[in-house]
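Chain order of the listed sequences is A and B.
In case it helps, the numbering used here puts the first sequence at residues 210 to 515.
In case it helps, the numbering used here puts the second sequence at residues 90 to 361.
Built from N, CA and C at the ideal position, the CB exists for glycine as well.
Remember, predicted model here, so these are calculated numbers, not experimental data.
Shown next, in structure tokens, is the structure this report addresses.
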Amino acid sequence: MTTRTVAASKSGKLLNKLFPYLLLAPAFILVIVLNYIPIGESVLRSLYDWRGGSRATFVGLANFKELFQDMAFHISMKNMIKLLVFQLVVILTVPLLAAEYIFRLKNHPVLQNAFRVLFVLPMVVPRIVTVLIWQFIYDGDVGLLNGILKGLGLVSLARPWLDDPRLALYAIMFVGFPWVSGVATLIYLAGLENVESTVWDSCELDGARGLRRVFAIDIPLIFAQLRTMAVLTVIEVIGGYMFVDILVLTGGGPGWATMVPGLNLYENAFKFSRMGYACAMGLTLSLIALFITLLNMSLFGKKVDE
Amino acid sequence: MRIRREDLIRLLVLGFLAVLTIAPFVITLFISFKTEAQFIRNPFGLSLPLHWSNYATAWAEVRKYLFNSIFACSIACVGALTTATLAAYAFARFSFWLDKFLFYVLMFLIMLPPIMSLVPRFLMVKRLGLLNTYGGLILPFMSGSQVTAMFILRSFFSGINESIFDAAQLDGASEGQILVRIVLPLSAPVLWTLAIMNIMTSWNNILWPLITLSSRELYPVTVGLMFFQGQYAIQRGPLMAGYIISSIPLVLLFMFASKSFIRGLSSGAVKM
């Protein structure tokens with residue numbers, strides 16, 4: 210009897226010790242099989258001339274050497290940097306303006322909520338639908354944009370926006386204009402709402418108002434949120450978030466005018482079966498994204514998960 | 090109601106932004122009811138009579154893709170939230186050997202763009218014999234999205250008052266019971282927010298289904314729409330009706346859960 214209880218409690222203790230690991234097991238099985246093994250393979254295969262089959266020739270750093278001389282990669286990096294800078298400027302300004310204005314509408318809570326819903330609603334429309342609608346907006350023959358220009362008597366400005374190599378990239382930047390709809394507005398708004406109301410009262414007393422208050426008080430107070438959005442934007446743009454937009458709207462063209470590294474990687478891997486080269490490309494991009502994230506963390510001296 | 094001058098300016102600016110934001114969708118809605126002749130006469134305004142038949146045409150095409158998306162995304166969502174909840178509970182409630190290390194092993198993935206291992210992940214799915222199956226679609230969705238969810242749930246679980254756990258343990262509740270009966274109900278708003286974000290992400294994923302699926306019957310609505318768009322390029326009524334139909338499930342889901350979604354986002358739980 211006693212031995213049995215002891216045995217039971219012993220196995221119970223063991224089970225208790227193993228319990229957290231059991232809870233972690235499903236998540237880790239997925240992550241190991243579908244993330245970490247592929248990451249490891251990606252690093253390894255970047256050193257091979259490999260077309261996806263069992264045959265692979267070790268070529269050392271030749272893939273990386275080729276990458277740095279690849280015209281398409283150069284152009285796509287340049288396009289990506291342009292897109293990134295633009296997205297960063299947008300994500301740090303327009304949603305902030307919208308959040309500030311919604312927050313300051315304190316006297317009209319009904320309107321406050323109405324705007325919240327209006328700005329969130331387009332966010333739940335599938336991205337592909339938004340992109341296809343913008344494809345229609347930019348259409349050369351029947352597009353909304355050219356329709357508006359014609360209506361304003363500016364026929365000379367009408368053009369097939371996505372077919373013009375000088376304009377296509379800018380057209381892609383403007384998809385989603387005016388960019389207020391999205392997580393950023395809500396997150397900034399949440400940041401402002403979490404500030405103690407005494408802060409605003411003392412602002413009022415000290416006469417800190419308007420832009421001066423925004424720069425001196427508001428922005429420092431929601432700095433964490435601004436930084437989070439900036440980091441997410443970097444990861445998304447480098448990690449191929451623009452992929453859908455560009456694949457559908459221009460396919461990277463005309464020429465390479467809107468080519469981005471994500472699309473370039475996709476084409477190398479699945480159109481030209483240059484799997485090893487695509488791995489080298491993915492690795493390079495990830496290192497860049499990682500470097501920027503770490504730089505951001507060390508610059509601002511805080512962890513992402515704070 | 091008296092409106093002060095500063096508020097008026099705010100209202101005007103916000104109203105202007107709202108109109109610009111919503112206009113493309115409203116115009117799409119208008120076009121979805123037009124015949125081609127109506128579209129040519131009046132491309133962007135509302136034309137009467139409304140042609141509901143566009144919706145019948147679009148529904149016949151989009152229906153199968155839509156059900157594919159609903160199926161794949163809901164399973165991926167439930168799966169990811171389950172594995173994330175279990176892992177988050179382990180990290181929040183227990184300290185165990187290597188707990189910090191294992192946590193960072195998961196967290197590290199947030200910093201890496203998924204495109205890095207696109208090619209080997211594709212080949213892994215191929216090796217597992219899952220190409221052109223729902224499994225090959227759903228498992229990678231789960232694996233990627235569970236990490237963020239785990240991170241947010243862990244910080245939420247850690248914030249639950251210790252005394253609740255102590256009381257439950259005194260009453261003889263097992264860890265499993267505590268999780269299901271106490272922790273999950275308390276986390277409902279966060280779980281809803283995560284569920285919506287999760288479904289939105291997998292719903293919007295085009296790249297992965299595009300490379301892993303080859304039979305058209307399996308396409309999710311995002312990929313299906315790309316083909317639908319090629320077919321109906323010159324019949325804008327049915328085309329736009331197809332866009333509207335494809336947006337309805339997420340909009341419904343959002344309306345159903347919008348209160349907890351906005352509250353979840355606004356409460357700072359999803360701050361990262």
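Residues bridged to residue i [DSSP beta-bridge criterion]
i: D372 (chain A); result: Answer is none; D372 (chain A) lacks a bridge partner.
i: Y257 (chain A); result: A:F267
8 Å CB neighbourhood of residue i in its chain, flanking five on each side removed
i: E402 (chain A); result: F312
i: R325 (chain B); result: I120, K123, E125, F128
i: I199 (chain B); result: V236, T237, F240
i: A216 (chain A); result: Bear in mind that the predicted position of A216 (chain A) carries a pLDDT of just 49, short of 50, making it unreliable; the figure below should be weighed with that in mind. Result list for A216 (chain A): empty, nothing under 8 Å.
i: R368 (chain A); result: G349, N355, L376
i: A498 (chain A); result: V443, I444, I447, G448
Residue i, buried or exposed, once every other Cβ within 10 Å from all chains shown has been counted against 16
i: L361 (chain A); result: exposed
i: M332 (chain A); result: buried
i: L224 (chain A); result: exposed
i: V312 (chain B); result: buried
i: N157 (chain B); result: buried
i: A173 (chain B); result: buried
i: R216 (chain B); result: exposed
i: R210 (chain B); result: buried
i: W465 (chain A); result: buried
i: V108 (chain B); result: exposed
i: I253 (chain B); result: exposed
i: E264 (chain B); result: buried
i: A179 (chain B); result: buried
i: P202 (chain B); result: buried
i: G385 (chain A); result: buried
i: R99 (chain B); result: buried
i: L456 (chain A); result: buried
i: G416 (chain A); result: exposed
Neighbourhood of residue i by C-beta distance below 7 Å, restricted to the same chain and skipping five residues each side
i: A489 (chain A); result: S255, N272, F273, L276
i: A308 (chain A); result: T394, Y397, L398, L401
i: T214 (chain A); result: Because T214 (chain A) sits at a pLDDT of 45, beneath the cut-off of 50, its placement in the model cannot be relied upon, and the point is left open.
i: A346 (chain B); result: W281, I285
i: A238 (chain B); result: A169, L170, A173, L283, N287
i: A181 (chain B); result: R243, F246, S247
i: M361 (chain B); result: Reliability of the predicted coordinates at M361 (chain B) is poor, the pLDDT of 42 falling under 50, and the value obtained from them is presented with this limitation in mind. No residues qualify anywhere along the chain.
Host alpha helix (DSSP H) of residue i (start-end)
i: F386 (chain A); result: From DSSP, F386 (chain A) is part of no alpha helix (DSSP H); its letter is neither H nor E.
i: K480 (chain A); result: From DSSP, K480 (chain A) is part of no alpha helix (DSSP H); its letter is neither H nor E.
i: R422 (chain A); result: 419-422
i: R152 (chain B); result: 142-182
i: S234 (chain B); result: 223-247
i: D255 (chain B); result: 251-259
i: V294 (chain A); result: 280-313
i: G104 (chain B); result: 94-120
i: Y193 (chain B); result: 188-200
i: E445 (chain A); result: 432-447
i: T124 (chain B); result: Note, T124 (chain B): premise wrong, no alpha helix (DSSP H); not H, not E.
i: T407 (chain A); result: 406-415
i: D454 (chain A); result: 452-458
i: P209 (chain B); result: 207-216
i: R325 (chain A); result: 318-329
i: Q324 (chain B); result: No alpha helix (DSSP H) holds Q324 (chain B); DSSP gives it neither H nor E.
i: L341 (chain A); result: 336-347
i: N293 (chain B); result: 277-293
Contact with chain D by residue i, beta-carbon distance below 7 Å
i: I381 (chain A); result: The chain labelled as chain D is not found among the protein chains of the depicted structure, namely A and B.
Boundaries of the beta strand (DSSP E) in which residue i is found, first to last residue
i: Y397 (chain A); result: Where Y397 (chain A) is concerned, there is no enclosing beta strand (DSSP E), although the alpha helix (DSSP H) it sits in stretches over 392-402.
Beta-carbon gap between residue i and residue j smaller than 7 Å
i: N293 (chain B); j: R483 (chain A); result: no
i: M468 (chain A); j: S285 (chain A); result: yes
i: I227 (chain B); j: A165 (chain B); result: yes
i: T110 (chain B); j: V389 (chain A); result: yes
i: G331 (chain B); j: V151 (chain B); result: yes
i: G491 (chain A); j: I204 (chain B); result: yes
i: F183 (chain B); j: P229 (chain A); result: yes
i: V310 (chain B); j: Y154 (chain B); result: yes
i: L243 (chain A); j: S303 (chain B); result: no
i: M213 (chain B); j: P235 (chain A); result: no
Closer than 6 Å: residue i CB and nearest the ligand ZN heavy atom
i: M231 (chain B); result: Absence of the ligand ZN from the depicted structure is noted, as is the absence of any ligand whatsoever, leaving it without description.
Same chain, Cβ closer than 6 Å to residue i, five either side skipped, listed in chain order
i: M289 (chain A); result: V469, P470
i: W370 (chain A); result: Y347, L376, A380
i: D258 (chain A); result: T266, V268, G485
i: I501 (chain A); result: V443
i: L293 (chain A); result: V446
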